[in-house]
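Quick notes on the structure that follows.
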Amino acid sequence: MYDFDWSPIPRAIPFLWAGMKVTLQITVVAMLVGIGLGTVIAIMRLSKNRVVSALSAGYVNLFRAVPLIMVLLWFFLIVPSLIVRIFNLPRTANVQVTSAMVAFSLFQAAYYAEIIRAGIQSVKAGQIGAALALGMSYGQAMRLVVLPQAFRNMTPLLLTQTIILFQDTSLVYVSAVRDFFGAANIVGTRDGRIVELILFAGAVYFVICFVLSTLVKRWQDRLKVAA
Amino acid sequence: MIDIRNVSKIYPNGFQALKDCSTHVDKGEVIVVCGPSGSGKSTLIKCVNALEDFQQGEIVVNGISVGAPKTDLPKLRSHVGMVFQHFELFPHMSVLENLTIAQVKVLGRKKEEAVERGLKLLDRVGLRAHAPKFPGQLSGGQQQRVAIARALAMDPICMLFDEPTSALDPEMINEVLDVMIQLAREGMTMMVVTHEMGFARKVAHRVVFMDQGLVVEDAMKEDFFGKPRSERAQAFLSKILSH
């Protein structure tokens, strides 16, 4: 029978917390950039211009057809050296975290874009007609009338996607980035308690994601009542 | 004010929704466009402010050609009020914001000025007390009156109504028609797609009857109701007036 020894965990809390901060940073940046970029891609996808629409469809299909871990590796192998060279940075710069953020942003944008596209299409077609009839430009109609309604409808889905993103950030352990999972891994290896640390990390991910999902679910139910 | 000359609209699938349609609305004139469903009347009125495009012919609104590539459509539309069958109020904004948003963002009016104008128009349609509410809290008739006020807030030179009462419960139709009748009596230039023949009798100057994409009849009100020339208009009238 395996003898559990949880004692390394309390001592490692500051180290693990530092890792959690990196995880949260990557998640928040990838969410914000991903939703911004995803909105642009979604609007392009709905464009009447076939070239614009095809470009957007190509982007979405490419990123959805490639495993995330490959995108990450590609970014870790190529982008950091590129960034260092372009901006003439010293090698020590926190370039790895930045490339993780870029990779997750680009990858998530493809998934967010599909949610946002569905959200835009859920807004009644007459709304854009009414906005245009008042003299708004297409951009104003989108920004002031269509997108606010679309985002309200799809907030639960966007948050659910963000919870998945939060879990996926653990994949950066393949690189030198020390996120929460990476930190747990390091502590576990160092103290010979890898099983305990991985169980602990799993429990932390579970609690955070479960609480967030429950909140999203409640919100979704409230939206249903309001609608 | 509105000149529609030989307009045809053909969809990419080959269906021709409008066939060589011509009519006009002079300043201060009220015309009612009627006809069976699928006759093209909604399509025609949407061509006037370019919410629908057309392939042949010309539409001139206040001297500006709607179909010309150089025309500043947002500017043109900001002078042409439009009321839709399904109201199309913005559900995420309060009633008052519905009335002020385009004044501020399109006409560039100051917020206070837009609010003042908005409240005045809500007063006029009898809904000032509902200003802070959201559209979803109002009845259909109230929503349509707000939609009329929203269009009027832009100080339009003419108003287009696309079946403004056909999505309403019968008991709410009159409150909307009353607002429209008052507007007509004040001299607003109006093009109204409707089956409300009572409204046509009361305030219309001319009636345009459409069927299968054609303008079948374009006559003074008295002539249209007195002695419609075409068989199709006669058949339509007898059906609609027999209720």
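Order-wise, the sequence lines are chains A and B.
Using the working numbering, read the first sequence as starting at 1 and increasing by one per residue.
Using the working numbering, read the second sequence as starting at 1001 and increasing by one per residue.
Backbone N, C-alpha and C fix where the C-beta goes; we use that ideal spot for every residue, glycine too.
Residue span of the beta strand (DSSP E) that contains residue i, given as start and end
i: residue 1006 (chain B); result: 1002 to 1010
i: residue 1221 (chain B); result: That residue, residue 1221 (chain B), is in no beta strand (DSSP E); its alpha helix (DSSP H) goes 1221 to 1226.
i: residue 158 (chain A); result: Note, residue 158 (chain A): premise wrong, no beta strand (DSSP E); alpha helix (DSSP H) at 147 to 168.
i: residue 124 (chain A); result: From DSSP, residue 124 (chain A) is part of no beta strand (DSSP E); its letter is neither H nor E.
i: residue 1112 (chain B); result: Per DSSP, residue 1112 (chain B) belongs to no beta strand (DSSP E); it is in the alpha helix (DSSP H), 1111 to 1124.
i: residue 62 (chain A); result: Taken as a continuous stretch (DSSP letters only), residue 62 (chain A) belongs to no beta strand (DSSP E), being part of the alpha helix (DSSP H) at 50 to 65.
i: residue 1019 (chain B); result: 1016 to 1025
i: residue 135 (chain A); result: No beta strand (DSSP E) holds residue 135 (chain A); DSSP gives it neither H nor E.
i: residue 1160 (chain B); result: 1158 to 1162
i: residue 1206 (chain B); result: 1206 to 1211
i: residue 1191 (chain B); result: 1190 to 1193
Boundaries (first-last residue) of the alpha helix (DSSP H) holding residue i
i: residue 119 (chain A); result: 95 to 121
i: residue 9 (chain A); result: 8 to 45
i: residue 1100 (chain B); result: 1095 to 1105
i: residue 1198 (chain B); result: 1197 to 1203
i: residue 1072 (chain B); result: First-last for residue 1072 (chain B): undefined, no H or E at that position.
i: residue 1141 (chain B); result: 1140 to 1152
Assumed close pair residue i, residue j - CB separation to whole angstroms, cut-off 8 Å
i: residue 1146 (chain B); j: residue 1106 (chain B); result: Residue 1146 (chain B) to residue 1106 (chain B), Cβ: 18 Å. No contact.
i: residue 1177 (chain B); j: residue 1045 (chain B); result: Rounded, the Cβ-Cβ distance is 18 Å, inconsistent with contact.
i: residue 77 (chain A); j: residue 83 (chain A); result: Between residue 83 (chain A) and residue 77 (chain A) the Cβ distance is about 12 Å, and since that is not below 8 Å, they are no contact.
i: residue 1073 (chain B); j: residue 1099 (chain B); result: The Cβ separation is near 22 Å, so there is no contact.
i: residue 195 (chain A); j: residue 2 (chain A); result: 7 Å
i: residue 119 (chain A); j: residue 150 (chain A); result: 4 Å
i: residue 1217 (chain B); j: residue 1201 (chain B); result: About 16 Å; that fails the 8 Å criterion.
i: residue 1164 (chain B); j: residue 1182 (chain B); result: Rounded, the Cβ-Cβ distance is 14 Å, inconsistent with contact.
Min CB distance residue i to chain A below 8 Å
i: residue 1088 (chain B); result: yes
i: residue 1295 (chain B); result: This structure leaves residue 1295 (chain B) out entirely; chain B is present only between 1001 and 1243.
i: residue 1075 (chain B); result: yes
i: residue 1106 (chain B); result: yes
i: residue 1102 (chain B); result: yes
i: residue 1092 (chain B); result: yes
i: residue 1049 (chain B); result: yes
i: residue 1065 (chain B); result: no
i: residue 989 (chain B); result: Any answer about residue 989 (chain B) is impossible in this case: the structure gives chain B only from 1001 up to 1243.
i: residue 1191 (chain B); result: no
Simplified DSSP state of residue i, which is helix, strand or coil
i: residue 1037 (chain B); result: coil
i: residue 233 (chain A); result: No answer is possible for residue 233 (chain A): it lies beyond the span of chain A, which begins at 1 and ends at 227.
i: residue 81 (chain A); result: helix
i: residue 177 (chain A); result: coil
i: residue 1086 (chain B); result: coil
i: residue 143 (chain A); result: helix
i: residue 1229 (chain B); result: coil
i: residue 1029 (chain B); result: coil
i: residue 172 (chain A); result: helix
i: residue 1066 (chain B); result: coil
i: residue 1217 (chain B); result: strand
i: residue 1178 (chain B); result: helix
i: residue 70 (chain A); result: helix
i: residue 1053 (chain B); result: coil
i: residue 1171 (chain B); result: helix
i: residue 202 (chain A); result: helix
i: residue 1081 (chain B); result: strand
Cutoff 8 Å: residue i Cβ touching any chain E Cβ
i: residue 1037 (chain B); result: The structure shown contains no chain E; its protein chains are A and B.
Quick one: which residues of the region 115 to 147 of chain A get their C-beta closer than 7 Å to a C-beta of chain B? List them in chain order.
126, 127, 129, 130, 132, 133, 134, 135, 136, 137, 140, 144, 145
What residues in the region 147 to 164 of chain A bring their beta carbon closer than 9 Å to a beta carbon of chain B?
148, 149, 152
Determine which residues of the region 1141 to 1173 of chain B have a Cβ less than 7 Å from any Cβ of chain A, and write them out in chain order.
1154
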